[in-house]
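To start, the structure under review is shown below, and the notes come after it.
Chains as they are written, first to last, in the working numbering: chain A, 79 to 329; chain B, 8 to 222.
Right, dumping it as structure tokens:
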């Protein structure tokens, strides 16, 4: 990779998390030996953090959602020309998910611990899926300043991203995933040949799930809660080393 | 993509018609913009529509507010965009709902700024705009982090709308280049070069503000 106009573009694409793993590594290698390019990257980062810190986001006024729902509802009532009978069936059909959800809640809530099991199963499935589909990362970078911002706008929370390369658990990248009916952040680490998925999502209620460990289908899962976030680390890595990663992440 | 392009073409058409009506209209425009009966959704579709698109209202409002520059226009644009979205929802095949909605929001805002209000400067685009030399930026560039929220806001406000929108889509909404290309209906290469120019201009504008000079 040589410097100049194309390299400058590449640098911005790198900053924006738009490069694949191979290209990212090329850029990172180049940055190590090229003073002007790494200075340029710092300038880009300075601008970005100025934009991020400035609370530039305009929040919609509370009344806007009500206004929209009212307007959308009006249109819907006008459309109700298909006859009452059809509408009733649709109402019944529309309420089925609600009934199902209520039924699930009634069944699930009294059996508190099984919630942990359910989540662990989902977490292991997500881990396996990420390996089978060879879709381990959406953003491949060992730079937490690339991985963390990548989640902006994709999730309604911002996960803490640590690089533990110094501890032998280098960050490989991040990915969006879906667990327990919500979008979650998946941070991907590597220990020698073992990929590790760390799933993160907000959990304001401390009693919702217990910290703990389990082992499912040959995969080890460690769960903990920290600063309002639920973490689940999954890997085929042996429990002691996985525990070490969990400890490092909780530092 | 073809679907989106066709849809947005229609959106602009519809928008022009509304503009003519709105020039004579008194606020609130809502009464004019109510969907006709044949555009509306049955209860199940409405439920799906709300579930799919209402979660993106925050992004819709933020983009509209940055493009139109006033609270009132932003609210009207968001409402109009949602009503247009109802009309085209049948053609939405799932996929990236946020980008789909923001495309409509952007086109709706466009019809507002074509009326000459709220737009700010527009520029002769990319080919004619000289690139700001990155090397020309001094080391004080690193002091950008010291810029106050107000200064950053003003510098971004001062950008021509074509540049402002790519910065908002990328930095505030976190859209990928591909999604930005969809929303702005530009090739990815153009998105990248416009974003690079926008960032260079923004840095320059901020530096001028930090040095105490007025832009």
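For each residue, glycine too, the CB sits at the ideal point set by N, CA and C.
Asked, Found
"is_contact[residue 125 of chain A, chain B] using C-beta, thresh 8 Å", "yes"
"Three-state secondary structure assigned by DSSP to residue 232 of chain A", "coil"
"Chain C residues whose Cβ lies nearer than 8 Å to that of residue 146 of chain A", "Of the protein chains in the structure, A and B, none is chain C."
"Through-space distance from residue 164 of chain B to residue 75 of chain B, alpha-carbon basis", "10 Å"
"Within chain B, partners of residue 87 of chain A - CB distance below 7 Å", "199, 203"
"Under the three-state DSSP convention, the category residue 158 of chain A falls into", "Confidence at residue 158 of chain A is low in this model, with a pLDDT of 42, below 50, so the placement of that residue should be treated as unreliable; the coordinate-derived value is given next. It is helical."
"C-beta contact flag for residue 242 of chain A and residue 326 of chain A at 8 Å", "yes"
"Beta-carbon proximity of residue 136 of chain A to residue 89 of chain B, cut-off 8 Å", "no"
"Contact list for residue 181 of chain B against chain A, beta-carbon separation under 8 Å", "227, 228, 229, 230, 231, 232"
"Start-to-end residues for the alpha helix (DSSP H) that takes in residue 223 of chain B", "Nothing about residue 223 of chain B can be reported from this structure: the residues present for chain B run from 8 to 222 only."
"Residue 291 of chain A, enclosing alpha helix (DSSP H) - first and last residue", "Where residue 291 of chain A is concerned, there is no enclosing alpha helix (DSSP H), although the beta strand (DSSP E) it sits in stretches over 290-294."
"Test: residue 254 of chain A CB closer than 8 Å to a CB of chain B", "no"
"8 Å Cβ cutoff, residue 69 of chain B in contact with chain A", "yes"
"Segment limits, beta strand (DSSP E) that includes residue 310 of chain A", "307-313"
"Under 8 Å (Cβ pairs) to chain B, residues found in the region 283-299 of chain A", "none"
"Local conformation of residue 284 of chain A per DSSP, three classes", "coil"
"At least 3 beta-carbon pairs within less than 8 Å: the region 262-274 of chain A vs the region 212-229 of chain A", "yes"
"Residues that residue 272 of chain A bridges to, as DSSP identifies them", "A:269"
"Helix, strand or coil at residue 250 of chain A according to DSSP, with G and I counted as helix", "strand"
"Cβ contact (3+ pairs, closer than 8 Å) linking the region 142-153 of chain A and the region 85-101 of chain B", "yes"
"Buried versus exposed call for residue 113 of chain A [16 or more other C-beta atoms within 10 Å across all chains shown]", "exposed"
"With 16 other Cβ atoms within 10 Å as the buried cut-off, status of residue 95 of chain A", "buried"
"Any non-hydrogen atom of the ligand PLP closer than 7 Å to residue 211 of chain A Cβ", "For the structure depicted, the ligand PLP is absent and the ligand set is empty, with no information on it obtainable."
"Stretch-stretch touch, CB-based, cutoff 8 Å, three pairs: the region 154-168 of chain B with the region 136-146 of chain A", "no"
"Host alpha helix (DSSP H) of residue 84 of chain B (start-end)", "78-95"
"From A:105, A:206, A:86, residue whose alpha carbon lies closest to that of residue 218 of chain A", "A:105"
"Residue of A:138, A:85, A:122 minimising C-alpha distance to residue 206 of chain B", "A:122"
"Residue 68 of chain B, enclosing alpha helix (DSSP H) - first and last residue", "64-75"
"Beta-carbon proximity check, residue 103 of chain B vs residue 186 of chain B, cutoff 8 Å", "yes"
"Residue 263 of chain A in three-state terms, based on DSSP", "strand"
"Under the three-state DSSP convention, the category residue 217 of chain A falls into", "strand"
"Touching by the beta-carbon criterion (3+ pairs, under 8 Å), the region 311-322 of chain A and the region 254-261 of chain A", "no"
"Buried or exposed (CB count within 10 angstroms, at least 16 for buried), residue 227 of chain A", "buried"
"Secondary structure, alpha helix (DSSP H): runs of 4+ residues fully inside the region 90-139 of chain A", "99-111, 113-131"
"Span separating the alpha-carbon of residue 64 of chain B from that of residue 245 of chain A", "42 Å"
"Interface positions of the region 151-165 of chain B facing chain A (Cβ-Cβ less than 7 Å), listed along the chain", "151, 152, 154, 156, 159, 160, 163"
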